[in-house]
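These protein sequences, in sequence, are chains A and B.
Following my numbering, the numbering of the first sequence begins with 8 at its first residue and continues without gaps.
Following my numbering, the numbering of the second sequence begins with 8 at its first residue and continues without gaps.
Beta carbons are placed, not taken as given, at the ideal position from N, Cα and C, and that holds for glycine.
Bear in mind the structure is a predicted one, so any value in this text is a computation, not a measurement.
2 protein chains.
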Amino acid sequence: LIKLEKIDKIYKMGSNTQQVLFSLDMEINAGELIAIMGASGSGKSTVMNIIGLLDRPTNGICSVHNKVINDISDDELAVLRNKTIGFVFQQFYLLSKFTAEKNVSLPLLYRGLSEKESSIKAKQILERVGMGDRTHHKPNELSGGQQQRVAIARALIGDPEIILADEPTGALDSKTGKEVMNLFLELNRKEKRTVIIVTHDPGIGDMCHRIIKLQDGKVIAS
Amino acid sequence: LIKLEKIDKIYKMGSNTQQVLFSLDMEINAGELIAIMGASGSGKSTVMNIIGLLDRPTNGICSVHNKVINDISDDELAVLRNKTIGFVFQQFYLLSKFTAEKNVSLPLLYRGLSEKESSIKAKQILERVGMGDRTHHKPNELSGGQQQRVAIARALIGDPEIILADEPTGALDSKTGKEVMNLFLELNRKEKRTVIIVTHDPGIGDMCHRIIKLQDGKVIAS
Ligand SMILES: Nc1ncnc2c1ncn2[C@@H]1O[C@H](COP(=O)(O)OP(=O)(O)OP(=O)(O)O)[C@@H](O)[C@H]1O
Ligand SMILES: Nc1ncnc2c1ncn2[C@@H]1O[C@H](COP(=O)(O)OP(=O)(O)OP(=O)(O)O)[C@@H](O)[C@H]1O
Ligand SMILES: [Mg+2]
Ligand SMILES: [Mg+2]
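Right, here's the structure in full:
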């Protein structure tokens, strides 16, 4: 489904460069539940941004559904991304001026659903992550773990084929974290979504089909 | 050292109110190493902001060193806070226009230390949290866990009497998380700092003198 071949990522910093990914290879098959683990700074979010079509590699080839996507335009990339991928960001990136409900319903409004329909679906998915009683709060009126759950709801509302979650339980207590993992497990097993989770929690790794380990920008186990 | 008595926190939301803390009592003694645990949304960050003199309760009495501080002015509160408390925020709150080193050295510059001296101390503490090779990066050029460690360094650089850390290992892999905990343990045992850590990690709770458990805005165990 997604294939990364010999991927480099190199940032320019003034007159210096910082290489972050080194000839990285990775294959994700449809319907897999995968954990990506590795030390802080090892390149997990960087890889996720490339898999999630939010960033382009400096070198190497990305393919989605066997179609090479390195050379498609930014607009085409955005269309493919919005259609296929739901992304839970490590930093949430909720819109501060909007309520939880509005934040979650936005992807559906963009697809042309009515306000009424989007709002109903948004409330449903917020209920599912235990946020049913806080739909009218803005992000700064929510706890860290509540904001994380709103970000999860927003990623899932468009029924994406591929779910990318960057440390989705980092701010959650273990009970709430388990509920979120059960939701991802259900989406994978019952609805056949491809789910890729960056996590520091070995317990989550154990629930997945396989664990891809990163170290210093390279895959050391798959 | 810090005493909270019958603390309420009530937010106004339009024409409604949201009560978040309910007649909460808490006592922190000098030199203690304390974990605060509880479900997402239970009030941990709210309590930390009151202990950290960043927020005032709606009702109830706060005392620091046996001096009631409810009625002191905002300026006096700020002076007391900057002198006594180092705060690692759940959302980090790093300044996006400055490098890691500048972010960490700012508290010392405010105290009147020279640029040279502040920069040396900042680099030392950044080295201590494993960030010695990234001091010139801005926050958006750092991974989530790297930003968290810069926030930790900034909280510690002023040698505060009281260290408040709101989920300081949430974005860290277990090895880096252990290194951070060892740093807090050392500050508590060798330097006698009072350390209060909000955490979802029972492993961290076990390392502390005691665990204060919150549920729905109340203390249920201490
Ligand atoms: N814009 C940038 N310029 C320079 N270096 C960068 C930039 N963005 C990220 N980096 C570096 O890339 C490396 C990998 O970052 P990444 O965010 O992928 O790590 P991570 O594995 O997700 O870490 P964490 O577990 O802490 O979230 C880090 O060492 C970081 O300093
Ligand atoms: N400005 C606000 N207006 C209304 N409600 C608020 C506001 N700020 C916080 N809350 C509510 O206060 C409650 C407690 O929030 P707090 O941030 O203290 O939780 P927490 O225990 O730190 O959770 P987490 O583990 O998710 O970080 C939450 O239910 C939240 O919705
Ligand atoms: Mg990351
Ligand atoms: Mg919190």
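Grab the span of the alpha helix (DSSP H) containing residue 227 of chain A for me, first residue to last.
Here residue 227 of chain A belongs to no alpha helix (DSSP H); instead the beta strand (DSSP E) covers 225 to 228.
Under 8 Å Cβ-Cβ, which residues of chain B neighbour residue 181 of chain A? 207, 209
Worksheet item: CB-CB under 6 Å to residue 57 of chain A, same chain, minus the five flanking residues each way: which ones, in chain order?
Response: 64
List the residues of chain B whose Cβ lies closer than 8 Å to the Cβ of residue 97 of chain A, in chain order.
151, 178
> At what residues does the beta strand (DSSP E) containing residue 30 of chain B begin and finish?
Replying inline: 23 to 35
Within the same chain, show all residues whose beta-carbon is closer than 7 Å to that of residue 39 of chain A, passing over the 5 residues directly before and after it, in chain order.
201, 216
Excluding the 5 residues flanking residue 102 of chain B on each side, which residues of the same chain have their C-beta closer than 6 Å to its C-beta? 110
Identify whether residue 164 of chain B lies in helix, strand or coil by the three-state DSSP scheme. coil
task: List the endpoints of the continuous beta strand (DSSP E) containing residue 44 of chain B.
output: 40 to 45
- Runs of alpha helix (DSSP H) lying entirely within the region 129 to 213 of chain B, each at least 4 residues, in chain order: 151 to 163, 181 to 196
Open item on the list: Are there any heavy atoms of ligand 1 lying less than 7 Å away from the beta-carbon of residue 11 of chain A, as far as the coordinates show?
Closed with: no
| Which of the three DSSP states, helix, strand or coil, is assigned to residue 88 of chain B? | helix
inquiry  = Taking the alpha carbon of residue 178 of chain B as the reference point, which residue from A:168, A:173, A:184 has its own alpha carbon closest?
reply    = A:173
inquiry  = Please give the ranges of any beta strand (DSSP E) in the region 51 to 112 of chain A, keeping only runs that are unbroken, at least 3 residues long and fully inside the region.
reply    = 66 to 71, 92 to 95
Can you check which of these residues, B:164, B:27, B:108, B:146, is closest to residue 118 of chain B by C-alpha distance? B:164
- Item | residue 121 of chain A: contacting residues in chain C (beta-carbon distance under 9 Å) | Chain labels in this structure do not include chain C; the protein chains are A and B.
task = Measure the beta-carbon distance from residue 45 of chain B to residue 51 of chain B and round it to whole angstroms, keeping in mind my assumption that it falls under 8 Å.
result = 6 Å
What residues in the region 35 to 57 of chain A have a beta carbon less than 9 Å from any beta carbon of chain B?
44, 45, 46, 47, 48, 49, 50, 51, 52, 53
Review point. Does the Cβ-Cβ distance between residue 91 of chain A and residue 143 of chain A come in under 8 Å?
Key: no
query: So, using beta-carbon positions, are residue 9 of chain A and residue 41 of chain A closer together than 8 Å?
result: no
query = Under the three-state reduction of DSSP, which class applies to residue 221 of chain B: helix, strand or coil?
reply = strand
Check your understanding: Going by the C-beta, is residue 59 of chain B closer than 7 Å to any heavy atom of ligand 4?
Key -> no
- Message: Please report whether the beta-carbon of residue 100 of chain B lies at a distance below 8 Å from any beta-carbon of chain A.
- Response: no
Using 8 Å as the limit for Cβ to Cβ distance, is residue 148 of chain A near chain B?
-> yes
Notebook entry, point to check: To the nearest angstrom, how far is it from the Cα of residue 61 of chain A to the Cα of residue 89 of chain A?
Noted result: 10 Å
Going straight from the alpha carbon of residue 87 of chain B to that of residue 167 of chain B, what length do you get? 11 Å
_Can you tell me whether residue 115 of chain A is helix, strand or coil according to DSSP?_
helix
Practice problem: Take residue 72 of chain B as the anchor and find which of B:21, B:147, B:169, B:99 has the nearest alpha-carbon. | Solution: B:169
Problem - Spatial distance of residue 152 of chain A from residue 221 of chain B (CA atoms) - result: 15 Å
What in chain A is Cβ-close to residue 18 of chain B, meaning under 8 Å?
-> 148
Cβ separation of residue 32 of chain A and residue 226 of chain A, assumed to be a contact under 8 Å, to the nearest whole Å
6 Å
- So residue 30 of chain A packs on residue 19 of chain A, CB below 8 Å; how close in whole Å? 19 Å between Cβ atoms; not a contact.
Does residue 83 of chain A have its Cβ less than 8 Å from a Cβ in chain B? no
Run of the beta strand (DSSP E) containing residue 11 of chain B, from where it starts to where it stops: 9 to 20
Close beta carbons around residue 6 of chain B, own chain, < 6 Å, minus the five adjacent residues each side: Residue numbering for chain B in the displayed model covers 8 to 229; residue 6 of chain B lies beyond these limits and cannot be assessed.
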